[in-house]
Structures are given as C-alpha cells and as structure tokens.
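Residue numbers (my numbering), protein chains in the order written: chain P, 1 to 329; chain U, 330 to 606.
Note that beta-carbon positions come from the ideal geometry of N, C-alpha and C, so glycine has one too.
Small disclaimer: the values here were computed from a predicted structure and weren't measured.
Structure first, commentary second.
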Amino acid sequence: MLMSEGDPRLVVEVREVNKNFGRVPALSNLTILVPQGRITVLIGPNGAGKTTAIRVITGALVPDRGRVRTFGYDPDRFGEDVRRRCGVVSAKPALYDRLSGWDNLQYSAELYGLGRNAIGPIREAAGRFGILEALDQQVGGYSTGMKTRLALSRAVLHDPDLLLFDEPTSGLDPESSHAVLDLIREMTDEGRTVVMCTHLLIEAEGLADQIIVLDNGTDLIHGTQENLIRKYWPGDLVRLDAEDPTQLEQLVGLDGVLGMKRTEDATEVELDDMGRVPDLVAALTAAGVRLTRVDPYHPSLEDLYFAIRRERRAPDADQGLGAFPEVTR
Amino acid sequence: MNNQRMLTVMRTDLKQLQQSKDFWVPMVLLGGLFFLVIPTILLSVINSVGNIGTIQQVSQALQLLPQSAQDAVPQAASAGTKVSYVLAVYLLAPIAVIVPLTISTAVGSSSIVGERERGTGEFLAHSPADVKEIYLGKLIASLIPGYITTIVGFGLYSLMVNLIVGPDAGGWFFPTASWWLLILWVLPPFLLIALSLVLRLSARVKSTAAAQQAAGLITFPLILIAYGQSTGALFGGAAVALSAVMGAVAWAIGIALLLSGMRSLTRARLLGVANES
Numbered sequence: 001m002l003m004s005e006g007d008p009r010l011v012v013e014v015r016e017v018n019k020n021f022g023r024v025p026a027l028s029n030l031t032i033l034v035p036q037g038r039i040t041v042l043i044g045p046n047g048a049g050k051t052t053a054i055r056v057i058t059g060a061l062v063p064d065r066g067r068v069r070t071f072g073y074d075p076d077r078f079g080e081d082v083r084r085r086c087g088v089v090s091a092k093p094a095l096y097d098r099l100s101g102w103d104n105l106q107y108s109a110e111l112y113g114l115g116r117n118a119i120g121p122i123r124e125a126a127g128r129f130g131i132l133e134a135l136d137q138q139v140g141g142y143s144t145g146m147k148t149r150l151a152l153s154r155a156v157l158h159d160p161d162l163l164l165f166d167e168p169t170s171g172l173d174p175e176s177s178h179a180v181l182d183l184i185r186e187m188t189d190e191g192r193t194v195v196m197c198t199h200l201l202i203e204a205e206g207l208a209d210q211i212i213v214l215d216n217g218t219d220l221i222h223g224t225q226e227n228l229i230r231k232y233w234p235g236d237l238v239r240l241d242a243e244d245p246t247q248l249e250q251l252v253g254l255d256g257v258l259g260m261k262r263t264e265d266a267t268e269v270e271l272d273d274m275g276r277v278p279d280l281v282a283a284l285t286a287a288g289v290r291l292t293r294v295d296p297y298h299p300s301l302e303d304l305y306f307a308i309r310r311e312r313r314a315p316d317a318d319q320g321l322g323a324f325p326e327v328t329r
Numbered sequence: 330m331n332n333q334r335m336l337t338v339m340r341t342d343l344k345q346l347q348q349s350k351d352f353w354v355p356m357v358l359l360g361g362l363f364f365l366v367i368p369t370i371l372l373s374v375i376n377s378v379g380n381i382g383t384i385q386q387v388s389q390a391l392q393l394l395p396q397s398a399q400d401a402v403p404q405a406a407s408a409g410t411k412v413s414y415v416l417a418v419y420l421l422a423p424i425a426v427i428v429p430l431t432i433s434t435a436v437g438s439s440s441i442v443g444e445r446e447r448g449t450g451e452f453l454a455h456s457p458a459d460v461k462e463i464y465l466g467k468l469i470a471s472l473i474p475g476y477i478t479t480i481v482g483f484g485l486y487s488l489m490v491n492l493i494v495g496p497d498a499g500g501w502f503f504p505t506a507s508w509w510l511l512i513l514w515v516l517p518p519f520l521l522i523a524l525s526l527v528l529r530l531s532a533r534v535k536s537t538a539a540a541q542q543a544a545g546l547i548t549f550p551l552i553l554i555a556y557g558q559s560t561g562a563l564f565g566g567a568a569v570a571l572s573a574v575m576g577a578v579a580w581a582i583g584i585a586l587l588l589s590g591m592r593s594l595t596r597a598r599l600l601g602v603a604n605e606s
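What follows is the structure in structure tokens.
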C-alpha cells in the first residue's frame, strides 16, 4: 500500500506528529495513514498514545509539531467540518447518566446539525444496535453493554464517514464484544472508514485491514496482519515435539530448515516451504527420533505483537526474525 | 457562532439539572427560606407585637437612614409598620443578591469540571460545537436557575410583604422603583461576573469539590460588593444614580470577563489534559 501525501484515498494523514503534555511526551514522531473504507487498528499497551492519536485526528487536541489532515483538511483550522464527519466512541462511554437514552441521542443530533426533530435517524441508529426499547430509560440505569450500544448509536447517528473507536469493547462480556466487533465490520462494508484502538489483540485479529503498533507515542510498525507476519516469519512454521526433545537438534542443517526455537511445549521450526514436512518427518524417524507432535503453526497477532516488542527492546538482536533469536541454518 | 448549538448545550444542561433532585431541592429550600420563611416570620412578629418599647426604639433609629429613604417611609403609620416597611424594603435586599449568586455559583462551578469527571467532556471535545458555544451555553444554563429563583422568590416576597405590611402602610407598596433597579440592572451583571469567573475556574480545576470551594472564595467578595450596591440602590436619592452608574460599570466588567472567559475554554480543558496551555 503505497500512498503519497495528499492521496485522496487517505482519509487520515498523521505525519511525524509530536505532542507533549508538559514535559511528558504523548506522541513522538507518530505517523498514521488511514485508507478509505478500511479498518485500521491501533494496538499498543496503555499509555502508548492511542487515545491521543484519536484526539489529534478530530482536532480535539492540536499537535505541537507535525502535520495532520483528516479528509484532506487541517482539523485545527477546519475542526467543525472535520468533526461533523467523524463519529467517536471513547473508552468511557461519555454519556449523560441523568438523561434518558433518547435525550442523549437527541443532544448529539442537535450538536451534529440534524435538528430537533431527528426522530427517524435516532430510531434507526438505536434500532441498529438493539437499544431502541431502552431509550426512554435513564442512562444511569443501563448496563455496561447497553451504554456501549448507546455510545455506538450516538457515533453513527449523523452518518459519519470516519468512525473512531477507542477500546469499544472495554468492560463488555465476550458475547457483547463479539456483537460490537461484527457491527464495526458491517460499518466498513457500507464504505465507512474505521480507526479502532485496542490493547486486546484478539479483537484486532481478523478484523483489521491495517495494523499499526504503537508504543511510547510512536508507530513501531504498520501493515496488514498477513504482511507483518511474513516480515517476521518469512517461512512456514511447524511445531514438533519428540519423546526426547534434544534429538530435534538434528534438524539443524537439514534442507529447507530456516530456523528453530525451543519453546515451553514444542520446538518451532521455520521452513522455506510447508511441503518439506513429510521429508523432515521421514528424516527424523530414520534417525531414530520418536516424534510426538507435528503441527503446522500460523503465528497469531499476539505472536507478532510480542515479536515486535522484543525486537524493539533489542533492535540489533534478531532483525527480520523477531521470534527466532536462536536461528540456525 | 452557532446560536442553535449554544442553546442546545444550555437546554441539555438545564434538563440534567431538572433531573437532579438532589441539587434543586436544597436550592428551592434555600430560596424559600430566604425569600419567604424568614421575612414572613420577621414581619409577622413585628406586626403582631405592636408598639412595644423595643419597636419604638428601633423606629427612632430609622432616623439614621438617608433622608430619601426616610421620606419613603409612611409617616402616619405606627412605629411597628414603619419598622416592617424599612425591613421589607431596605434590610432584606441582600436576599435578592445572596440567593441567585449562591445557586448560580453552585451550578456553574461543576459545569465544566463535571463534564470532565463524567467523561462527557470527551464527547463535547469531539463534537462540531465550538468551545465558545459550549462556554456560553453553560454560562446561561448556570445563570437561569439563580435568576429564575430571584424572579419567583421576588414575586412571592412582594406578595407576602404587601399582604402583611400593606394594609397598615396605606396599600400595596412593593416593589418600589429602587427594587426594579436592583433586580433588572444591578443584580444581572454581578451574576455575570461571578459566573464568568466560576466557569473559568471550573475549566481549570481537577474536581467539582475543588471548584465549589474555590468558587466560594470568588463569590464571597462579590456578594459583599453586590450587597453594598443593592443597599445603595434601595436607599434612593443620589445613591440610586450612583448604583445605576455602578451597575453600568459592573455590566462592562461582566461582559469583558465573559468575552475573555469564552477564549479561556479549550478542547484540551474539556478533555482534562494535563499541562495544556
């Protein structure tokens, strides 16, 4: 995905942005490029700068340095136009507990220019997230799941082009989380662009079109999950185990073996092609190794994340093969 | 500035206040106590005890009032009626100042910091509403409860004074022209000054409790100044003219503070981001 400055396919351009809170840097040379109609997931630990990045995108915060363009506009100068096209769900639901669900949506409808008679859009947005029946109740009496659904309804009420979700499943049970993630996926099917922050890697798995890993306010790496995994594990992986695991060291030097690493319960072997597995098994068996496990393995986002983090901590240790510090050929 | 959005912020704040019984019930009680209960008891007691020695002594002390005030007191009335008249017209004037300032300050102090505490500041910060619209909407929403209490309380107070003191003072005499000056010209700018300062404070502090404590410090001197102004306005004569001028000065200060206050609110403050200039 090569996109240049001012590319119309980019909904968000955050380039080399710095933002400090007093002496504490919140964003350091952060670059985020968000293509239209895709789900971009920002992952990183607490304090990585995910929330600040969202605030900078809508113009709620002004960066100290760097360039931000949302829909091609500087959100600091054209904040109203930018924010009108954004829908934000923040980490805390940010709802008015003393008001009813309807009043919360009505407030948003009026601020976003839908007027005082936005009955149709309110009913549609609430119905979409299954909260219509509860709109007359005071929000203070809602469950966490209901609050999240209401916050999501409020975010889509004005039909925004860009949706920004900051930990949208925070505090939800697994079933509700799943439903929310399905709804997010649905929204991009309708052509909307989504930026989602999470520190729950399992949420991003399979959902993200683009992953951006943040740490200490900077982007460590970005790309599709597939490409990032290929970058860190260029070969195919298979997990092997044997009655005597030390015998698996015989793999070193065999054709097609790019690297290997002993983990707690298996030996991970990186191969140049998965088609090598039958030959390997035959060779090991012929050498008297009694195999107890042969298991093709696809690294998860979590594996990727920790590989990136390890590489970040020790940048010279294992370039290109983050998970294989014991690589041998 | 989009007036529609400003009014939306104001309306929503008022609606939340309406839902907060724990807030408005004590405020109604406060208004009722100052505008109705205390004056009713005081005036009823003075009226019913008649011309006892103490009342006559107090009546003589009325000669210390400015001449214009003395001229307004019904000369032919009994000592008790004179004392009631003076109490009703002059000495209870600060009620009209203390109650609205207290109520509006209480509402205003939690206004912006409350958004931060609830997390709803995030919603406002990401919304298309300009911070000036948010500030002004919140200021008006803080001003209205105090001023409405004053108007309603003032109406009830007028009724009560006329019913208790009026029959002996030659008919309904309240409100006097000076009271209109107080309510319509002197009080509003002081409310504006207090709220402009309190909202600025509310945007900066970390908690509602801190905002309320600090707001008390800000409004106390204002209450004293407003007390002096209102008393001056009610005494009539040259004091009325002076109060009218002081009212104008207060309006100018209030408007200047309002304009600078509108500039002081930023989205970063709605978010509660530390060390934001």
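- Cβ neighbours of Leu-371 of chain U within its own chain (closer than 7 Å, five residues either side excluded): Leu-416.
- By the criterion of a C-beta distance shorter than 7 Å, Gly-235 of chain P is surrounded in its chain by Leu-258, Glu-270, Leu-271 and Asp-272, once the five residues flanking it on both sides are discounted.
- Burial of Ala-94 of chain P is indicated by the presence of at least 16 other C-beta atoms within 10 angstroms of its C-beta.
- Residue contact with chain P for Thr-537 of chain U: absent (no Cβ-Cβ distance below 8 Å to any residue of chain P).
- The way I'd put it, the region 18-38 of chain P does touch the region 58-69 of chain P; three or more beta-carbon pairs between them come closer than 8 Å.
- Residue pairing from DSSP leaves Lys-231 of chain P without any beta-bridge partner.
- Listed in chain order, the non-local C-beta contacts of Leu-254 of chain P below 7 Å within the same chain comprise Leu-280 and Ala-283, local neighbours out to five positions each way being set aside.
- Counting C-beta pairs closer than 8 Å gives three or more between the region 206-218 of chain P and the region 47-63 of chain P, which meets the contact rule.
- Interface criterion not met: the Cβ of Glu-16 of chain P is under 8 Å from no Cβ in chain U.
- Residue-level contact by beta carbon holds for Thr-58 of chain P and chain U, with a gap shorter than 8 Å.
- By the 16-neighbour rule on beta-carbons within 10 angstroms, Leu-553 of chain U is exposed.
- Rounded to the nearest whole angstrom, the CA to CA distance from Ala-498 of chain U to Leu-571 of chain U is 28 Å.
- For Ala-435 of chain U, no chain P residue has a C-beta closer than 9 Å to its own C-beta; the minimum C-beta separation is roughly 16 Å.
- Where Asn-376 of chain U is concerned, the enclosing alpha helix (DSSP H) starts and stops at 367-378.
- The way I'd put it, the region 446-460 of chain U doesn't touch the region 504-520 of chain U; fewer than three beta-carbon pairs between them come closer than 8 Å.
- Residue pairing for Pro-35 of chain P: DSSP places it in a beta bridge opposite P:Leu-10.
- Below 8 Å, enough C-beta pairs join the region 458-477 of chain U and the region 428-438 of chain U to call them touching: three or more.
- Put simply, the backbone Cα of Gly-583 of chain U is about 7 Å away from that of Phe-519 of chain U.
- In this structure, the alpha-carbon of Arg-116 of chain P lies about 22 Å from that of Asp-161 of chain P.
- With a cut-off of 8 Å on Cβ pairs, the region 69-79 of chain P is in contact with the region 6-22 of chain P, counting three or more such pairs.
- Distance from the CA atom of Gly-601 of chain U to the CA atom of Val-534 of chain U, rounded to whole angstroms, is 9 Å.
- Closer than 8 Å to the CB of Tyr-107 of chain P there is at least one CB belonging to chain U.
- Burial is judged here by how many other beta carbons sit within 10 angstroms of a residue's own beta carbon; Phe-363 of chain U has at least 16 and is buried.
- Along the region 569-601 of chain U, the positions whose C-beta sits under 7 Å from a C-beta of chain P are Arg-596, Ala-597 and Leu-600, read in chain order.
- Asp-459 of chain U and Gln-348 of chain U have their C-alpha atoms spaced approximately 26 Å apart.
- In the three-state DSSP reduction, Ala-458 of chain U falls in the coil class, being neither helix nor strand.
- A distance of 8 Å or more separates the beta carbons of Val-89 of chain P and Ala-134 of chain P.
- Ranking U:Ser-397, U:Ser-407, U:Ala-401 and U:Thr-369 by CA distance to the CA of Val-387 of chain U puts U:Ser-407 first.
- Contact annotation: the region 97-113 of chain P does not touch the region 164-172 of chain P, with fewer than three C-beta pairs closer than 8 Å.
- Across the structure, Ile-512 of chain U and Ala-109 of chain P are spaced so that their CA atoms are roughly 37 Å apart.
- Non-local C-beta neighbours of Gly-256 of chain P in its own chain, meaning closer than 7 Å and more than five positions away in sequence, comprise Leu-271, Asp-272, Asp-273 and Arg-276, ordered along the chain.
- Against Ser-90 of chain P, the close residues of chain U are Gly-448, Glu-451, Phe-452 and His-455, in the order they occur along the chain (beta-carbon pairs closer than 8 Å).
- For Ala-242 of chain P, the enclosing beta strand (DSSP E) stretches over residues 236-242.
- The continuous alpha helix (DSSP H) containing Leu-510 of chain U extends over residues 506-510.
- Under the Cβ criterion of 8 Å, Ala-458 of chain U is counted among the residues facing chain P.
- Looking at the DSSP output, Ser-100 of chain P shares a beta bridge with P:Gln-138.
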